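Quick note on the numbering used here: the sequence shown kicks off at 26 and runs consecutively.
Note that beta-carbon positions come from the ideal geometry of N, C-alpha and C, so glycine has one too.
On a predicted model such as this, the values are computed, not experimentally measured, just so you know.
Comments concern the structure below.
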Amino acid sequence: MGLTFGKSRSSGTGRALAGTIGAAAGAAAAASLMLGRKAVTVSKIGKGHPLKHRVLDLAAGTVQTKYPLIAMSTYLNGFHMYADEMGRQVEASHFCVHLRHDLHQCVIFDRNAPDARLIGIEYIISEERFRALPDEEKRLWHSHHYEVKSGILTAPGIPDMAERAYFEDLVTTYGKTFHTWQYDRDDFPYGIPQLMMGLTEDGQADEELIHSRDRRLGISTPGKRRDRADIPMPDVVAGANSWESGRTVQTRLEEMPFKR
């Protein structure tokens with residue numbers, strides 16, 4: 026569907042716009058009734074957008090089914106660091122689906138809010154799957170052993186017993202993460218995706234970031250650490266957390282000949 030930007034230049038265009046808004050609003054209202062939902066107002070997300078766009082977004086949100094999003098059943102909150110700079114740590118809200126027995130896939134936002142910024146993706150695999158990866162591929166992956174055991178990685182809102190059962194499995198997994206928005210520097214998704222890593226031992230975390238997260242979400246990282254003390258600490262498979270060697274990999278732009 027094409028969208029027209031800018032002011033209308035004629036009364037005919039204005040009438041057409043009004044008709045489009047009316048049709049979209051009518052579709053949204055009808056869909057709400059069919060689906061048994063309460064009437065909703067035009068979203069405040071994207072403040073400053075023309076009314077037409079906001080109403081069309083509302084209508085689409087009401088009548089379209091987004092199966093991949095519906096399937097994302099798990100919300101995890103943690104922190105990532107840039108693969109080439111430990112001092113750049115950012116909070117990451119993951120929304121994940123257990124796609125196969127040895128593979129989760131997650132979309133990552135800066136926070137859990139309607140107007141959150143989409144900042145990246147993460148794939149999570151089992152230890153067995155990680156062991157089978159080529160050595161060069163392993164350099165892109167990080168372990169989750171410390172994130173789980175330290176209490177830094179959490180599943181907000183889930184009862185402690187259920188969260189613990191989830192992390193008993195997650196503690197042995199490995200993740201590959203790219204952030205597409207360097208939101209610690211820019212309020213716009215400039216640049217190319219950046220490889221991210223996870224923390225691996227005490228003394229690395231930006232404690233103020235963690236305290237701020239804990240206050241906002243009403244959780245206790247030290248408390249979770251105590252609760253998980255008896256979860257067995259796995260041995261990390263060689264090849265993960267490649268930055269610990271003092272050398273790392275990171276994405277960059279490279280000019281290439283175009284192949285026809």
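Supposed contact pair residue j and residue i - C-beta distance, whole angstroms, cut 8 Å
{"i": "THR273", "j": "ASP109", "result": "5 Å"}
{"i": "ALA230", "j": "ILE177", "result": "6 Å"}
{"i": "ALA117", "j": "HIS126", "result": "In fact, because the Cβ distance is near 24 Å, the residues do not count as touching under 8 Å."}
{"i": "ALA85", "j": "TRP166", "result": "With 8 Å as the limit, ALA85 and TRP166 do not qualify as a contact, their Cβ atoms being about 36 Å apart."}
Cβ pair residue i, residue j closer than 8 Å
{"i": "THR99", "j": "GLU152", "result": "no"}
{"i": "ARG238", "j": "ASN137", "result": "no"}
{"i": "HIS169", "j": "VAL132", "result": "no"}
{"i": "ASP209", "j": "ARG277", "result": "no"}
{"i": "GLY200", "j": "GLY223", "result": "yes"}
{"i": "TYR171", "j": "THR225", "result": "yes"}
{"i": "ASP185", "j": "ASP252", "result": "yes"}
Residue burial classification, residue i (beta-carbon count within 10 angstroms, cutoff 16)
{"i": "ASP135", "result": "buried"}
{"i": "GLN275", "result": "exposed"}
{"i": "THR202", "result": "buried"}
{"i": "ARG241", "result": "exposed"}
{"i": "ILE144", "result": "buried"}
{"i": "LEU76", "result": "exposed"}
{"i": "TYR92", "result": "exposed"}
{"i": "MET221", "result": "buried"}
{"i": "ALA254", "result": "exposed"}
{"i": "GLY271", "result": "exposed"}
{"i": "ALA180", "result": "buried"}
{"i": "GLN89", "result": "exposed"}
{"i": "LEU83", "result": "buried"}
Closest Cα partner of residue i within the set the options
{"i": "LYS163", "options": "LYS174, VAL261, LYS77 and LEU94", "result": "VAL261"}
{"i": "VAL115", "options": "ALA265, LEU242, LEU278 and ILE235", "result": "ILE235"}
{"i": "ILE150", "options": "CYS121, GLU188 and ARG285", "result": "CYS121"}
{"i": "TYR191", "options": "VAL173, HIS74 and LEU165", "result": "VAL173"}
{"i": "PRO214", "options": "THR205, ARG250 and LEU220", "result": "THR205"}
{"i": "GLY216", "options": "LEU224, GLN207, ILE256 and SER270", "result": "GLN207"}
{"i": "PRO259", "options": "LEU94, VAL88 and ASP194", "result": "ASP194"}
{"i": "SER175", "options": "MET97, GLU279 and SER245", "result": "SER245"}
{"i": "ALA96", "options": "GLY73, GLN130 and MET111", "result": "GLN130"}
{"i": "ALA263", "options": "PHE155, ARG250 and LEU94", "result": "PHE155"}
Limits of the unbroken alpha helix (DSSP H) element including residue i
{"i": "SER237", "result": "232-242"}
{"i": "HIS170", "result": "170-174"}
{"i": "ILE256", "result": "ILE256 -> no alpha helix (DSSP H), and no H or E assigned at all."}
Where the beta strand (DSSP E) through residue i begins and ends
{"i": "MET221", "result": "219-222"}
{"i": "GLU110", "result": "110-125"}
{"i": "THR273", "result": "Careful: THR273 lies outside any beta strand (DSSP E) and carries neither H nor E."}
{"i": "HIS204", "result": "199-204"}
CB contact below 8 Å: residue i versus chain C
{"i": "GLY223", "result": "Absent here is chain C; the protein component of the structure consists of one chain."}
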